[in-house]
Amino acid sequence: MLTGIDYFIVIAYLAGMLALGYYFKKFVSSSEDYFLGGRSMPFWAIAMSIVVSDIGALDFVGVSGQAYRFGISPANFDWIGSVPAMLLAAFIFVPYFWKAGIYTIPEYLGRRYNNKVRTLASLTWIIFFAFNLGVLFWASAVFLEAIMGWPVWLSIILTAGVVGLYTYFGGITAVVMTDVVQMIIMFVGGFTLVFLAFHHVGGWDAMVQKITALGPEYQNHFELIQPTDTPTPFPWTGILFGLTFVMANAYMIGNQTVVQRCLTAKNEWHAKMSMIMAAFLKMLIPVLVLFPGLVAIVMLPGLDDGDKALPLMIKEILPPGLIGLMFSAFFAGLMSSIDSMLNSTATLWTKDIYQPYIKKDADDKHYLKVGKITTAVILLFGIATAPVSSSFPGIYVAIQTFLSFFQGPIFALLFLGIFWKRATQWGGLAGLVIGIGSSATLHIFSDQFFTIQDPFLYVSWWSFVVGFVVTVSVSLFSAPHDDTRLSGLVYRLAEKMNSPKLAGGK
Amino acid sequence: MLNFDWLAGVPMDVANGIFLVLFALIGVAVLFVPKDYMYEGLKEIKWYHNLKIWAIGDLIFISWVYYIF
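Sequence lines, in order, name chains A and B.
Take the first sequence: its letters are residues 0 to 505, numbered as in numbering that gives the first Met the number 0.
Take the second sequence: its letters are residues 0 to 68, numbered as in numbering that gives the first Met the number 0.
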């Protein structure tokens, strides 16, 4: 499928990424440089990095496939599933995280509640990232083998080698700056495909007309808001309660890979602005990943598997050279996800587990070294466990499900933590543990609780409610931290404490 | 109740309206954010540093998308 020029473009891209990432090695001399980029990043770089890290190579295929089956409703995840949450993060949560000088979200939870909450949250993320890395390596390599003909191990070694080297040496600065280039490549490749695809079907209006003429099952393909009895997994009630109110917030406010980027900002304004700009860029993502799936309904009707839509579209539409660019975009998606997981796992391990529990008072160079070693170990773990995932076809879904158990309860803790100073350490711990238990129960017995086939949106909402109610209830019967400890961690508490009137002055 | 069956009778136009109202409420909340809070961290302030402008821009764009679809 690939010609000489395509191979040249892909290899030039990989070499360029390696050189660019390695260049940032010289900016790393402390653990703060390695994990927070010396708190010197501009908003535009952070915004682009947040967006590109969120799209993996498999998302191109998976979302196109969903568009082929369900129409435009999956775009809710990038539109209403991002923008309100990112604005909430920009104006409320991120400034507090940035001012608190934290490295990780579990560190905030530890300061706000207690170290048990911090450790539980941190271990959850570490386990998720570590196992997800192997699955991501394998699934992406299998996909690249199918469409490029590259042997699985070649893709894994190439990706791991390039990403591993620049993340190991350059830390988050290298991760963010390579992400900037990766986003540009992804947007150029993706938009070129969309432009040519629309040209093939005669434009947007012609495509809509052709699809809706295919039959009654396509009548809702251009409706974002789906009825509660929709055959898709996206009823509007689930989109509103599960996605908008819980999952989106849990992801944009509670996900270490997202928030860690904002913590690298050079000042508070850049931290806020990074989220606002990222919200705008996120709104363009459905154009890249969803529209090719819609065009495929017209060009390639009757596919047995929607996930075949994008690879076949590339084969049908793109000329030599542009195919190489599109595959570079796939690699960009894969690499940006992997570098984020590596650096975030190293941060979580070093700051939340190693420093408090294994070696407390070492010098900064020691923690920098631990961060680098952890990056290498996690990378090797990902490579080693990659083939294991081939023996367990459902492992990708299992890992995502495992993480989804935590989304609702973690957001309940963050929400109450910042807005309600009466939330106590024991309330937080009980809310987290019981909330996770409720997620698992709802998931295991979903047939008895829910009428739709894949009720993950409803599960996240109800587990949030359980986590919220338990945290409030237990908090009311336990002693809160004093205001001094909570200053800077609870919304406007520091300002109230400094106000002469509220502090007891005149 | 867990399936939100009690909302099954809500017409789709009303459901769409709920999303648009949500964007409008967020927009109002953004407008109420104190002015100083917009510029914290900056030494020199220009008009384009006003975060409200960009946040409202995001909301207008997404409202337009949900109005169309």
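No residue lacks a Cβ here, since even glycine has one placed at the ideal position from N, Cα and C.
Could you confirm whether any beta carbon from chain A is found closer than 7 Å to the beta carbon of residue i?
| i | result |
| --- | --- |
| W53/B | yes |
| V13/B | no |
| E43/B | no |
| F60/B | yes |
| D35/B | no |
| V27/B | no |
| Y47/B | no |
| L19/B | no |
With 7 Å set as the bound, which would you pick, yes or no: does the beta-carbon of residue i sit closer than that to a beta-carbon of chain B?
| i | result |
| --- | --- |
| M251/A | no |
| E267/A | yes |
| M522/A | Here chain A covers residues 0 to 505 and nothing more, so residue 522/A does not appear. |
| P232/A | no |
| K209/A | no |
| K281/A | no |
| K420/A | no |
| A278/A | yes |
| F90/A | yes |
| L501/A | Only weak support is given to the placement of L501/A: the predicted model assigns it a pLDDT of 44, under 50, and the question is left unresolved by the model. |
| W203/A | no |
| W78/A | yes |
| K364/A | no |
| K271/A | yes |
| G504/A | Residue confidence for G504/A is low, a pLDDT of 39 falling below 50, so the modelled location carries little weight; the figure read from the coordinates is stated next. It does not; no Cβ of chain B falls within 7 Å. |
When you compare only the Cα positions, how much space is there between residue i and residue j?
| i | j | result |
| --- | --- | --- |
| D57/B | F279/A | 6 Å |
| K70/B | A145/A | Given a span of 0 to 68 for chain B in the structure shown, any question on residue 70/B remains unanswerable. |
| K34/B | H48/B | 11 Å |
| Y167/A | T374/A | 6 Å |
| F23/A | A173/A | 5 Å |
| V116/A | N248/A | 19 Å |
| A495/A | T344/A | Contrary to the premise, residue 495/A reads as Lys rather than Ala in this sequence. Rounded to whole angstroms, K495/A to T344/A spans 36 Å at the Cα level. |
| G201/A | M334/A | 34 Å |
| Q225/A | P232/A | 9 Å |
| Q255/A | A212/A | 45 Å |
| P531/A | V60/A | Nothing in the structure corresponds to residue 531/A, since chain A is present only between 0 and 505. |
| N219/A | V180/A | 37 Å |
| S29/A | S48/A | 22 Å |
| I451/A | D228/A | 8 Å |
| V51/A | V464/A | 31 Å |
| A502/A | L492/A | With a pLDDT of only 43 at A502/A, under the threshold of 50, the placement of this residue in the model should not be trusted, and no figure is reported. |
| Y33/A | G427/A | 31 Å |
| K505/A | R484/A | Here K505/A scores only 35 on pLDDT, less than 50, and its place in the model should not be relied on; the value that follows carries that caveat. Taking the straight line joining both Cα atoms gives about 24 Å. |
| A11/A | V376/A | 27 Å |
| N15/B | A429/A | 37 Å |
| D178/A | S477/A | 45 Å |
| L135/B | D4/B | Absent from the structure is residue 135/B, since the part of chain B shown begins at 0 and ends at 68. |
So with CB distances below 8 Å, who are the chain A contacts of residue i?
| i | result |
| --- | --- |
| Y38/B | W268 |
| L30/B | Near L30/B there are no residues of chain A at all, since even the closest Cβ is about 12 Å away, more than 8 Å. |
How would you list, in chain order, the residues of chain A whose beta-carbon sits under 7 Å from the beta-carbon of residue i?
| i | result |
| --- | --- |
| Y66/B | Under the 7 Å cutoff, chain A gives no residues; its nearest Cβ is about 10 Å from Y66/B. |
| L6/B | T227, T236 |
Compute the beta-carbon to beta-carbon distance between residue i and residue j, rounded to the nearest angstrom, for a pair I have assumed lies under 8 Å.
| i | j | result |
| --- | --- | --- |
| H419/A | V245/A | Strictly speaking, residue 419/A in this sequence is Trp, with His absent from that position. Their Cβ separation, rounded to whole angstroms, is 17 Å, which puts W419/A and V245/A out of contact at 8 Å. |
| V187/A | L324/A | 7 Å |
| E222/A | F60/B | Actually they do not touch by this definition, with Cβ atoms about 19 Å apart. |
| D53/A | V162/A | The pair is not a contact, with the Cβ atoms about 17 Å apart (cut-off 8 Å). |
| E31/A | D351/A | Not a contact, Cβ separation roughly 16 Å. |
| I238/A | L293/A | Wrong, their Cβ atoms sit about 19 Å apart, outside the cutoff. |
Does any CB atom of chain C fall closer than 7 Å to the CB of residue i?
| i | result |
| --- | --- |
| L223/A | Among the chains of the structure shown, chain C does not appear; the protein chains present are A and B. |
Give the residues of chain B in contact with residue i, contact being defined as C-beta atoms less than 7 Å apart.
| i | result |
| --- | --- |
| T450/A | N2 |
| I71/A | F68 |
Using the beta-carbon of each residue, which ones in chain B are nearer than 8 Å to residue i?
| i | result |
| --- | --- |
| F240/A | F3 |
| L86/A | I25, V29, A54, D57, L58 |
| Y457/A | L1, N2, F3 |
| W461/A | L1 |
For residue i, return the contacting residues in chain B, with the cut-off set at a CB-CB distance below 9 Å.
| i | result |
| --- | --- |
| V82/A | F22, I25, D57, L58, F60, I61 |
* Asked: If you pair each beta-carbon of the region 264 to 273 of chain A with each one of the region 35 to 42 of chain A, do three or more pairs fall below 8 Å?
  -> Touching, per the Cβ criterion.
* Asked: Touching or not, the region 469 to 485 of chain A and the region 180 to 197 of chain A, by the rule of three or more beta carbon pairs under 8 Å?
  -> Cβ pair count under 8 Å is below three, so no.
* Counting Cβ pairs closer than 8 Å, one from the region 309 to 326 of chain A and one from the region 351 to 368 of chain A, do we hit at least three? -> Output reads no: the region 351 to 368 of chain A does not touch the region 309 to 326 of chain A.
* **the region 282 to 301 of chain A touching the region 50 to 70 of chain A, judged by at least three CB pairs closer than 8 Å** => Contact holds: three or more Cβ-Cβ distances are below 8 Å.
* Asked: Given 8 Å as the limit, is there contact between the region 70 to 87 of chain A and the region 302 to 317 of chain A, that is, 3 or more CB pairs closer than that?
  -> No, the region 70 to 87 of chain A does not touch the region 302 to 317 of chain A.
* Asked: Would you say the region 312 to 321 of chain A touches the region 84 to 93 of chain A, given that touching needs at least three Cβ pairs under 8 Å?
  -> Verdict: no, contact absent.
* Asked: Are the region 293 to 307 of chain A and the region 98 to 113 of chain A touching, with three or more C-beta to C-beta distances below 8 Å?
  -> Output reads no: the region 98 to 113 of chain A does not touch the region 293 to 307 of chain A.
* Within the chosen definition, does the region 130 to 146 of chain A reach the region 438 to 452 of chain A through at least 3 CB pairs nearer than 8 Å? -> Contact fails: fewer than three Cβ-Cβ distances are below 8 Å.
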